[in-house]
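According to my numbering, the stretch in the sequence shown is residues 152 to 670, in order. In this text, a Cβ means the ideal position worked out from N, Cα and C, and glycines have one as well. Note sheet for the following structure.
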Amino acid sequence: MLKQGRATRPASSETQPDQATVSGNRGLQLEEKLIFELDSPGSCGVDLEEPEVFENHLGGLERKEEIGLPGLSEPEVIRHYTRLSQKNYAIDAGLYPLGSCTMKHNPRLNEKMARLPGFSDVHPLQPESTVQGALELIDTVASWLKVLTGLPAVAMSPGAGAHGELCGMMAIRAALEDRGDPRRRVLVPSSAPGTNPATAAALGYTVDEVPEREDGRVDLAALEARLDRDVAAIMLTNPNTCGVFERDIVKIANLVHEVGAFFYCDGANFNALVGRVRPGDLGIDAMHLNLHKTFSTPHGGGGPGSGPVVLSEPLAAFAPFPWVVHEGGRYSLREAAEAEGAKSFGRLKGFHGQMGMFVRALAYMLSHGGDGLAQVSADAVLSANYLLARLQDTLSVSFPGPCMHEVLFDDRFLKGTGVTTLDFAKALIDEGFHPMTMYFPLVVHGALLVEPTETESLESLDQFIEVVIALAERAKAGDAEYFQAAPRFAPRRRLDETRAARRPILRYKPPAARSEAAE
Ligand SMILES: *Cc1c(COP(=O)(O)O)cnc(C)c1O
């Protein structure tokens, strides 16, 4: 879920931190081997009695060799995973200013609610009569999303934002096919996140890129020039990933509708608008909501996402199954065969969506209330503008402010210093900060996209600002080597990320087997 930028400089081959201690540990930061390297054959976390002699019915298909799992005692297993977890940076540890990802605090109240046995122990195949409360909860989250967006329908099952995009675009494709008007092109502005063009391409559409104006907003004339009756939809993020609001959005919606196309809005940045603007009023036909961003459910390594999609009237009939119906005081799930008049494009996912995320999101909505959610977006936008105001003379601001909930800088302030955006980000790690989003969006050079969210205190923002200013001054003073050697204090220094992504080693081979294989 987190954005990864491209490195402009090859990563250093140095992968080990300075080994100044006997153990390789550094303070209370412990080195950790792979679990297979910790293997002590024969040890086991549980005491199992020898099985009695039994007759197997596997017809010779039984395993003949050792299963190859490492042998460890219970404390060894616990320590292994605890040590690994301590190498992980998390929103619970500190500021996580990853732009466009809305890494906000996950309130513990949400967690408490999600762990209520009635929710956490529920099984998706239980009879409906035994899960009335769970269905009511799904229905209640759905109504909040409809009210907040001003749209009449919502598909709850998508498992993340990108999955929601797929869902919304499949509904659009189904609606077009239903009226005998399949189309081939989808318009995507150049600042769009990669998931937008990827979604359109995955559905067989040709992606037609629309350029930006000087102010980071869609070039309306260029958009109009591309619009014709072969365009199925536009996929637009608002506020966009340059951190600015697309002011012409109503005009864009009208233009798109005039040629019979649909308006898909990427709602990942809804944190800037929640409680203030209803996307339905802007002419949007479909939009996903990342419950794990706007509505504070855990994100990234913290848990599964959830990306419900709100739909306009013309798309509602094409929503995927299942959906919850409330009739005669009872809740039930509508599946394909039973729903009359529905032209659903089918099923998108097993079962009904991410139940635990629905519980957390509802806890968040109810604890804030409508007015509290409006306060969320106000504070998120205020925090980003505070960063903009305090950093604008030090970093280079890409587009004129004010910004929405995130602020975009580029690498012009590093020009001539020999320091890249990547080096700068690595130095932030040494200072105890997760870097901002780097090298995204692609419309500016060496992007640094910072999103503080409303859950950071003024003190925490000030601390971040002071570190960024000090580092920028250091870079400008000509200390490039300092940056190129960063991070010094992380468990690992610079990894060859490209090789790790392209040639991952997914199967452990003991060193003996590896040297044999090499011969
Ligand atoms: C996060 C994000 C997505 C994708 O959402 P996931 O839940 O990560 O799949 C899409 N668009 C934008 C602008 C995003 O920030």
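Item to check | In chain order, each beta strand (DSSP E) run of at least 3 residues that lies wholly inside the stretch 364-423 | outcome: The beta strand (DSSP E) runs lying completely inside the stretch 364-423 and spanning 3 residues or more are 382-388, 413-417, given in chain order.
Checklist entry - What's the C-alpha gap between L539 and P248? => result 13 Å
Checklist entry - Which partner residues of W474 appear in the DSSP bridge assignment? => result R485
Checklist entry - Would the C-beta of E316 count as close to ligand 1, meaning under 8 Å from any of its heavy atoms? => result yes
Next on the checklist: Taking 8 Å as the limit between beta carbons, can you name the residues of its chain near P344, skipping five residues before and five after?
Outcome noted: K154, S251, T388, T392, D417, A419, F591, P592
Item to check | Given G431 as reference, the closest of L302, V548, P348, L513 once Cα atoms are compared | outcome: Checked all of L302, V548, P348, L513; the closest Cα to G431 is L302.
Checklist entry - Rounded to a whole number of angstroms, what is the C-alpha to C-alpha distance between E607 and Y659? => result 41 Å
Checklist entry - Between L622 and F575, which are expected to be in contact by the criterion C-beta below 8 Å, what is the C-beta distance as a whole number of angstroms? => result 7 Å
Checklist entry - When burial is assigned at 16 or more other CB atoms within 10 Å of the CB, is P655 buried or exposed? => result exposed
Next on the checklist: Using a Cβ-Cβ cutoff of less than 6 Å, which residues in the same chain neighbour V618 once the five nearest sequence positions on both sides are dropped?
Outcome noted: E582
Next on the checklist: Looking only at its chain, what residues have a beta carbon closer than 7 Å to the beta carbon of F502, apart from the 5 residues adjacent to it on each side?
Outcome noted: P275
Item to check | Opening and closing residue of the beta strand (DSSP E) in which D359 lies | outcome: 357-361
Next on the checklist: Spatial neighbours of G480 within its chain, please: C-beta separation below 6 Å, excluding the five flanking residues on both sides.
Outcome noted: none
Checklist entry - Per DSSP, which one or two residues make a beta bridge with A304? => result L462
Item to check | Residue closest to V532, alpha-carbon to alpha-carbon, out of E624, V395, T233 | outcome: V395
Checklist entry - Does the Cβ-Cβ distance between K255 and N422 come in under 9 Å? => result The answer is yes: Cβ separation under 9 Å.
Item to check | Where F615 sits in the DSSP three-state scheme | outcome: The DSSP-derived three-state label of F615 is helix.
Item to check | Contact check, L209 vs G319, beta carbons under 9 Å | outcome: It is not a contact, given that the beta carbons lie outside the stated cut-off.
Next on the checklist: When you measure from the CB of N176 to every non-hydrogen atom of ligand 2, does any distance come out below 8 Å?
Outcome noted: With respect to ligand 2, the structure shown offers nothing to examine, as its ligands consist of ligand 1.
Checklist entry - Can Y374 and I403 be called in contact, C-beta distance under 9 Å? => result One detail in the question is off: residue 374 reads as Leu in this sequence, not Tyr. For L374 and I403, yes; Cβs fall inside 9 Å.
Checklist entry - What residue from R625, P642, A641 has the CA that sits closest to F634's CA? => result R625
Checklist entry - Quick one: what's M589 bridged to in DSSP? => result L599
Checklist entry - Are the C-beta atoms of L185 and some chain B residue less than 9 Å apart? => result The structure shown contains no chain B, having only a single protein chain.
Item to check | beta-carbon G458 near ligand 1 non-hydrogen atom, thresh 8 Å | outcome: yes
Next on the checklist: Using the three-state DSSP reduction, which class does A467 fall into: helix, strand or coil?
Outcome noted: helix
Checklist entry - Alpha carbon to alpha carbon, how far is P661 from V228? => result 19 Å
Item to check | Any alpha helix (DSSP H) of 4 or more consecutive residues that is wholly inside the stretch 224-254 | outcome: 225-237
Checklist entry - What does a CB cutoff of less than 7 Å around R157 pick up in its chain, not counting 5 residues either side in sequence? => result Residue placement at R157 cannot be trusted, given a pLDDT of 39 that sits under 50; what the coordinates show is reported in the next sentence. Excluding positions up to five away in sequence, the list reads Y590.
Next on the checklist: Could you check whether the stretch 343-360 touches the stretch 510-518, counting it as contact only if at least three pairs of C-beta atoms, one from each stretch, sit closer than 8 Å?
Outcome noted: no
Next on the checklist: Am I right that R234 and E183 are in contact with their C-beta atoms under 8 Å? What's the rounded C-beta distance?
Outcome noted: About 4 Å separates the beta carbon of R234 from that of E183, a gap short enough to meet the 8 Å contact definition.
Checklist entry - For ligand 1, is there a heavy atom less than 8 Å away from the beta-carbon of K444? => result At a cut-off of 8 Å, the beta-carbon of K444 counts as near ligand 1: some heavy atom of the ligand is closer than that.
Checklist entry - Using the C-alpha atoms, what's the distance from P455 back to R380? => result 38 Å
Item to check | Nearest-angstrom Cβ-Cβ length linking E602 and H439, presumed shorter than 8 Å | outcome: H439 and E602 do not touch by the CB rule: their CB atoms are close to 18 Å apart, not below 8 Å.
Checklist entry - Around the C-beta of A171, are 16 or more other C-beta atoms found within 10 angstroms, so that it is buried, or is it exposed? => result exposed
Checklist entry - Start and end of the alpha helix (DSSP H) containing L559? => result Bounds of any alpha helix (DSSP H) do not take in L559; it lies within the beta strand (DSSP E) bounded by 558-561.
Checklist entry - What separation, rounded to the nearest whole angstrom, lies between the Cα atoms of L657 and D290? => result 41 Å
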